[in-house]
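So the working numbering is basically just the index in the sequence shown, starting at one, shifted up by 381. Shown next, in structure tokens, is the structure this report addresses.
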Amino acid sequence: MSEPTEPPSAARNTVRKWLWRGLRFGGTAAAFAYILSIVDPAELGGAFARVSALAFFGACLTTLANLWVGAVRWRLLLAAYGAPRRPSLLRLTHVYWVGFFYNNYVPGGVGGDVVRGLVTRQSFGERGTTASMTVVLVERALGLGGLLLLVSGANLVRPLPGTGDVLFLSALGLAAAAGGIGFVAVSRRVAPRLPGKLGELAASIPEIERPLPFAGALGVSLGTQGLVAVTGWLLLGSVTGGAVTLGDALVVVPLSMAATYIPFSVGGAGFREGAFVYFCATFLGVAEADAVAASLLIWGSQLVVGGLGGLSQLVLPISREEESS
Numbered sequence: 382m383s384e385p386t387e388p389p390s391a392a393r394n395t396v397r398k399w400l401w402r403g404l405r406f407g408g409t410a411a412a413f414a415y416i417l418s419i420v421d422p423a424e425l426g427g428a429f430a431r432v433s434a435l436a437f438f439g440a441c442l443t444t445l446a447n448l449w450v451g452a453v454r455w456r457l458l459l460a461a462y463g464a465p466r467r468p469s470l471l472r473l474t475h476v477y478w479v480g481f482f483y484n485n486y487v488p489g490g491v492g493g494d495v496v497r498g499l500v501t502r503q504s505f506g507e508r509g510t511t512a513s514m515t516v517v518l519v520e521r522a523l524g525l526g527g528l529l530l531l532v533s534g535a536n537l538v539r540p541l542p543g544t545g546d547v548l549f550l551s552a553l554g555l556a557a558a559a560g561g562i563g564f565v566a567v568s569r570r571v572a573p574r575l576p577g578k579l580g581e582l583a584a585s586i587p588e589i590e591r592p593l594p595f596a597g598a599l600g601v602s603l604g605t606q607g608l609v610a611v612t613g614w615l616l617l618g619s620v621t622g623g624a625v626t627l628g629d630a631l632v633v634v635p636l637s638m639a640a641t642y643i644p645f646s647v648g649g650a651g652f653r654e655g656a657f658v659y660f661c662a663t664f665l666g667v668a669e670a671d672a673v674a675a676s677l678l679i680w681g682s683q684l685v686v687g688g689l690g691g692l693s694q695l696v697l698p699i700s701r702e703e704e705s706s
């Protein structure tokens with residue numbers, strides 16, 4: 382008796398998934414290989430040694446504060462989309478923290494978003510998981526929008542030579558983010574025209590019921606990206622002995638962090654470091670090894686804070702929190 386074989390469509394999907402995963406890991410490996418080919422390991426080690434423990438601790442605290450601000454944005458969006466039951470800010474902050482762990486430690490970078498959507502599915506009653514996942518996806522889109530707005534604003538206030546395409550590329554990114562949010566906005570209106578399950582899915586997607594909280598969430602997105610720039614400034618300032626100012630960081634760090642959204646990598650790793658090397662070395666005169674060290678330490682601060690989020694889940698599981706709320 383022969384064993385059941387996997388359906389052809391499922392097999393194709395599995396192959397595509399592994400090919401895509403291989404492409405992302407391969408892109409990250411190639412980017413790091415290039416960086417290591419242009420940065421002397423001894424100089425990189427010296428750069429790490431120049432970063433004070435206090436600067437790294439401050440970067441971790443700023444990253445942790447950013448999670449709280451992200452939870453504020455998430456709660457504003459739940460209000461904007463008319464969630465009948467909204468968890469407390471304390472609970473959302475904890476869930477956001479745990480989700481940050483999954484996004485940093487689980488391949489794919491979206492596991493934490495799935496967790497956040499599932500945990501808050503009861504906020505929308507009958508609309509459930511679809512509505513809560515929609516809010517999480519919109520929150521991610523606003524994060525990208527906030528980054529691009531900060532990049533555009535910084536480039537207008539202090540344009541850097543050789544970055545003439547930044548405004549155009551930012552406009553394209555903002556248009557894509559706005560298009561995604563706009564699609565969410567019209568989904569329920571077009572639902573009756575869609576067939577079967579697709580129509581049911583579209584009908585369960587929430588609409589913006591309160592524009593003011595939505596506008597507040599967009600404003601908060603600028604704050605989250607500003608805190609990322611502060612994180613970069615703490616580390617760049619430390620490794621360069623104060624040569625990089627906060628104003629420098631507000632221009633260069635958002636430009637470099639935009640590489641995090643490059644899909645052909647694992648969370649932007651490798652490409653982010655390459656962007657730091659290019660922008661910091663070209664426009665600020667920062668040594669390549671110093672730029673790479675600062676970028677890796679930003680990532681390191683995220684891993685530390687994310688790891689603590691994973692530990693918090695072990696001590697106080699979010700499922701137990703839900704049962705007691």
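For each residue, glycine too, the CB sits at the ideal point set by N, CA and C. Just so we're clear, the structure is a prediction, and the values are computed from it rather than from any experiment.
In summary, residue 419 is exposed, with fewer than 16 beta-carbon neighbours lying within 10 Å of its beta-carbon over all protein chains present. Taking 7 Å as the cut-off, the beta carbon of residue 625 is found no closer than this to the beta carbon of residue 441.
Apart from the 5 residues on each side of it in sequence, residue 449 sits with its Cβ closer than 7 Å to the Cβ of 474 in its chain, given in chain order.
For secondary structure counted as the alpha helix (DSSP H) over 4 or more consecutive residues, the region 458–517 holds these complete runs in sequence order: 470–486, 492–500. Contact annotation, residue 589 with residue 460: C-beta distance approximately 10 Å; criterion of less than 8 Å not satisfied. Scanning 632, 412, 408 for the CA closest to the CA of residue 537 turns up 632. When the beta-carbon positions are compared, residue 620 and residue 428 come within less than 7 Å of each other.
Put simply, the region 509–519 does not touch the region 527–535. Fewer than three CB pairs are less than 8 Å apart. When the alpha-carbon of residue 551 is set against those of 501, 499, 636, the nearest one is in 636.
The three-state reading of DSSP puts residue 671 in helix, counting H, G and I together. At a Cβ-Cβ threshold of 7 Å, residue 645 and residue 404 count as neighbours. Comparing alpha-carbon positions, the option among 591, 602, 630, 617 lying closest to residue 463 turns out to be 591. DSSP places residue 404 within a helical segment (H, G or I) once states are collapsed to three.
By alpha-carbon distance to residue 678, the top candidate from 617, 692, 690 is 617. Beta-carbon to beta-carbon, residue 640 and residue 656 are separated by about 4 Å, close enough to satisfy the 8 Å threshold. Residue 479 is a Cβ neighbour of residue 694, given a cutoff of 7 Å. Around the C-beta of residue 593, fewer than 16 other C-beta atoms lie within 10 Å, and the residue is accordingly described as exposed.
Proximity to residue 570 across 561, 399, 585, 559 peaks at 585, based on C-alpha coordinates. Its chain contains 516, 519, 520, 523, 594, 595, 598 as the residues whose beta carbon lies nearer than 8 Å to that of residue 458, once the 5 sequence neighbours on both sides are disregarded; these appear in chain order. Going by DSSP, residue 422 is part of the alpha helix (DSSP H) stretching over 422–431. Contiguous beta strand (DSSP E) elements confined to the region 583–628 do not occur, taking only those with 3 or more residues.
Going by C-alpha positions, residue 622 is about 48 Å away from residue 502. Cβ-Cβ separation between residue 605 and residue 454: approximately 7 Å, consistent with a contact (criterion under 8 Å). Sequence-distant Cβ neighbours of residue 650 in its own chain, meaning closer than 6 Å and more than five residues away, are 409. By the beta-carbon neighbour count (other beta carbons within 10 angstroms, threshold 16), residue 468 is buried. If you draw a straight line from the Cα of residue 548 to the Cα of residue 493, it comes to about 31 Å. For residue 575, no alpha helix (DSSP H) encloses it, and the DSSP letter there is neither H nor E. Contact check for residue 436 against residue 692 fails: the beta carbons are separated by 7 Å or more.
In this structure, residue 634 and residue 613 form a Cβ contact; the two beta carbons are roughly 4 Å apart against a cut-off of 8 Å.
Apart from the 5 residues on each side of it in sequence, residue 465 sits with its Cβ closer than 8 Å to the Cβ of 504, 505, 506 in its chain, given in chain order.
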